[in-house]
Amino acid sequence: MRWNLRWVAANADIWRPADLLQACRAAGYSPSLSKVASWWNGTPSTVRLDELDMICTALNCKIADLLEAEPPSS
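So for the sequence shown, UniProt numbering puts the first residue at 1; every next one is plus one.
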(Lines of atoms letter the chains of each structure in order from A and count residues from 1; the text may use other names and numbers.)
(Lines give C-alpha, C1' and ligand atoms only; values in the text may rest on other atoms or scores of the structure.)
Protein backbone atom coordinates (compact mmCIF):
# COMPACT_ATOMS: atom_id res chain seq x y z
CA MET A 1 0.00 0.00 0.00
CA ARG A 2 1.15 3.50 -0.74
CA TRP A 3 0.37 6.10 1.95
CA ASN A 4 -0.51 9.40 0.25
CA LEU A 5 -1.15 11.56 3.32
CA ARG A 6 1.30 14.32 2.41
CA TRP A 7 -0.01 14.56 -1.15
CA VAL A 8 -3.64 14.74 0.01
CA ALA A 9 -2.71 17.23 2.73
CA ALA A 10 -0.84 19.42 0.23
CA ASN A 11 -3.97 19.53 -1.93
CA ALA A 12 -5.75 20.90 1.16
CA ASP A 13 -2.95 23.49 1.66
CA ILE A 14 -1.65 21.64 4.73
CA TRP A 15 2.14 21.45 4.84
CA ARG A 16 3.10 20.45 8.40
CA PRO A 17 1.92 17.98 11.05
CA ALA A 18 0.82 20.90 13.24
CA ASP A 19 -1.44 22.14 10.42
CA LEU A 20 -2.98 18.68 10.08
CA LEU A 21 -3.52 18.60 13.84
CA GLN A 22 -5.40 21.92 13.59
CA ALA A 23 -7.55 20.53 10.75
CA CYS A 24 -8.36 17.45 12.83
CA ARG A 25 -9.31 19.60 15.81
CA ALA A 26 -11.45 21.86 13.60
CA ALA A 27 -13.28 18.69 12.47
CA GLY A 28 -13.99 17.79 16.11
CA TYR A 29 -11.19 15.30 16.74
CA SER A 30 -8.27 15.55 19.15
CA PRO A 31 -5.34 13.29 18.24
CA SER A 32 -1.98 14.03 19.83
CA LEU A 33 0.69 15.84 17.85
CA SER A 34 2.94 12.79 18.18
CA LYS A 35 0.22 10.61 16.58
CA VAL A 36 -0.23 13.06 13.71
CA ALA A 37 3.54 13.32 13.27
CA SER A 38 3.81 9.52 13.06
CA TRP A 39 1.26 9.51 10.21
CA TRP A 40 3.10 12.37 8.54
CA ASN A 41 6.66 11.06 8.77
CA GLY A 42 6.28 7.77 6.96
CA THR A 43 4.00 4.91 6.11
CA PRO A 44 2.31 3.70 9.28
CA SER A 45 2.26 -0.06 9.83
CA THR A 46 -1.30 0.23 11.17
CA VAL A 47 -4.01 2.87 11.06
CA ARG A 48 -7.30 2.32 12.86
CA LEU A 49 -10.55 2.82 10.96
CA ASP A 50 -11.61 5.64 13.26
CA GLU A 51 -8.27 7.35 12.55
CA LEU A 52 -8.82 7.01 8.79
CA ASP A 53 -12.29 8.49 9.24
CA MET A 54 -10.82 11.39 11.22
CA ILE A 55 -8.12 12.08 8.61
CA CYS A 56 -10.64 11.91 5.77
CA THR A 57 -13.01 14.28 7.56
CA ALA A 58 -10.21 16.75 8.34
CA LEU A 59 -8.88 16.68 4.76
CA ASN A 60 -12.26 16.30 3.02
CA CYS A 61 -11.05 13.24 1.14
CA LYS A 62 -11.81 9.55 0.73
CA ILE A 63 -9.87 6.57 2.04
CA ALA A 64 -8.94 5.71 -1.55
CA ASP A 65 -7.17 9.09 -1.75
CA LEU A 66 -4.99 8.18 1.23
CA LEU A 67 -4.29 4.53 0.44
CA GLU A 68 -3.25 3.31 -2.98
CA ALA A 69 -2.75 -0.36 -3.77
CA GLU A 70 0.60 -1.24 -5.27
CA PRO A 71 1.45 -4.44 -7.08
CA PRO A 72 3.52 -6.85 -5.01
CA SER A 73 7.24 -6.56 -5.60
CA SER A 74 8.93 -9.65 -6.96
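Cβ atoms here follow ideal geometry from the backbone N, Cα and C, with glycine treated the same way.
Secondary structure note for Lys-35: its alpha helix (DSSP H) is the uninterrupted segment 33-40.
Annotated three-state conformation of Arg-48 is coil, per DSSP. Residue state for Trp-7 is assigned as helix, using DSSP reduced to three classes. Per DSSP, the continuous alpha helix (DSSP H) segment holding Arg-25 begins and ends at 17-26. One Cα belongs to Arg-2, the other to Lys-35, and the distance between them is close to 19 Å.
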